[in-house]
Amino acid sequence: MNEVVHTSPTIGSNVEEIVVNNTRFLMWDIGGQESLRSSWNTYYTNTEFVIVVVDSTDRERISVTKEELYKMLAHEDLKKAGLLIFANKQDVKECMTVAEISQFLKLTSIKDHQWHIQACCALTGEGLCQGLEWMMSRLKIR
Ligand SMILES: Nc1nc2c(ncn2[C@@H]2O[C@H](COP(=O)(O)OP(=O)(O)OP(=O)(O)O)[C@@H](O)[C@H]2O)c(=O)[nH]1
Ligand SMILES: [Mg+2]
Numbered sequence: 001m002n003e004v005v006h007t008s009p010t011i012g013s014n015v016e017e018i019v020v021n022n023t024r025f026l027m028w029d030i031g032g033q034e035s036l037r038s039s040w041n042t043y044y045t046n047t048e049f050v051i052v053v054v055d056s057t058d059r060e061r062i063s064v065t066k067e068e069l070y071k072m073l074a075h076e077d078l079k080k081a082g083l084l085i086f087a088n089k090q091d092v093k094e095c096m097t098v099a100e101i102s103q104f105l106k107l108t109s110i111k112d113h114q115w116h117i118q119a120c121c122a123l124t125g126e127g128l129c130q131g132l133e134w135m136m137s138r139l140k141i142r
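Sequential numbering of the sequence shown, starting at 1, is according to UniProt numbering.
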């Protein structure tokens with residue numbers, strides 16, 4: 001969001017505070033590499049939302065995303081957490097659509113978490129505000 005786009009893999013985590021309409025979001029960006037996944041659960045305590053950024057161009061790894069997604073949602077500490085999925089890289093021709101990703105991840109089968117999927121492009125920031133707005137709308141009804 002009006003900031004330089006970083007392109008190196010995240011090792012460990014970065015934390016960022018974002019304020020939108022008087023709502024303060026504390027966001028932890030966690031590296032997705034396989035070797036880092038076993039430490040994801042150390043971030044779950046007090047997490048209100050999980051944001052999963054899907055590479056919409058990667059048809060091969062979407063099944064790994066699905067596996068990791070359901071493993072994460074089953075964790076005790078994320079019982080009450082909402083789920084925001086960003087279908088990223090929508091600027092790339094031939095990328096998977098939101099509908100394709102939803103279907104593949106079987107999002108409609110998720111009944112025990114609030115969820116939303118949003119098309120986006122991290123390079124331009126398109127779709128990011130809509131994702132944040134969804135989180136804000138969920139905060140109001142709780
Ligand atoms: N075309 C396009 N490329 C993108 C977009 N978002 C990210 N990328 C590229 O994808 C690559 C990986 O981006 P990262 O931000 O490092 O990905 P990451 O998911 O944070 O990776 P980890 O930190 O390892 O979990 C970089 O080369 C980015 O420039 C997008 O919306 N469109
Ligand atoms: Mg990263």
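All residues carry an ideal CB built from backbone N, CA and C; glycine is no exception.
Contact set for residue i: own chain, Cβ-Cβ below 6 Å, skip 5 residues either direction
| i | result |
| --- | --- |
| methionine 96 | Ser56 |
CB-CB length for residue i against residue j, believed under 8 Å
| i | j | result |
| --- | --- | --- |
| histidine 113 | alanine 81 | 7 Å |
| alanine 87 | valine 50 | With a Cβ gap of about 15 Å, alanine 87 and valine 50 do not count as contacting. |
| leucine 105 | valine 20 | At roughly 26 Å, the Cβ-Cβ gap does not stay under 8 Å, so leucine 105 and valine 20 are not in contact. |
| leucine 84 | methionine 27 | In fact, because the Cβ distance is near 11 Å, the residues do not count as touching under 8 Å. |
Near ligand 2: residue i beta-carbon under 7 Å from a heavy atom
| i | result |
| --- | --- |
| glutamine 58 | It is worth fixing the name first, because residue 58 is aspartate in this sequence and not glutamine. Aspartate 58: no, Cβ never under 7 Å from ligand 2. |
| aspartate 29 | yes |
| threonine 10 | yes |
Contact test: residue i Cβ vs ligand 1 heavy atom, cutoff 7 Å
| i | result |
| --- | --- |
| valine 52 | no |
| aspartate 91 | yes |
| serine 39 | no |
| glutamine 33 | yes |
| residue 146 | Summary: the structure shown does not reach residue 146, with the chain confined to residues 1 through 142, and so no result is reported for it. |
Residue i burial status per 10 Å Cβ neighbour count (16 or more: buried)
| i | result |
| --- | --- |
| leucine 74 | Strictly speaking, residue 74 in this sequence is alanine, with leucine absent from that position. With fewer than 16 Cβ atoms within 10 Å of its Cβ, alanine 74 is classed as exposed. |
| isoleucine 18 | exposed |
| valine 52 | buried |
| residue 143 | With the chain represented from 1 up to 142, any question about residue 143 goes unanswered, as that position is not in the structure. |
| leucine 78 | buried |
Neighbourhood of residue i by C-beta, 7 Å cutoff - its chain only, sequence neighbours within 5 removed
| i | result |
| --- | --- |
| glutamate 48 | Ala81, Gly82 |
| alanine 119 | Ala87, Gln90, Val98, Gly127 |
Taking three-plus beta-carbon pairs below 8 Å as touching, is the stretch 13-30 in contact with the stretch 97-110? no
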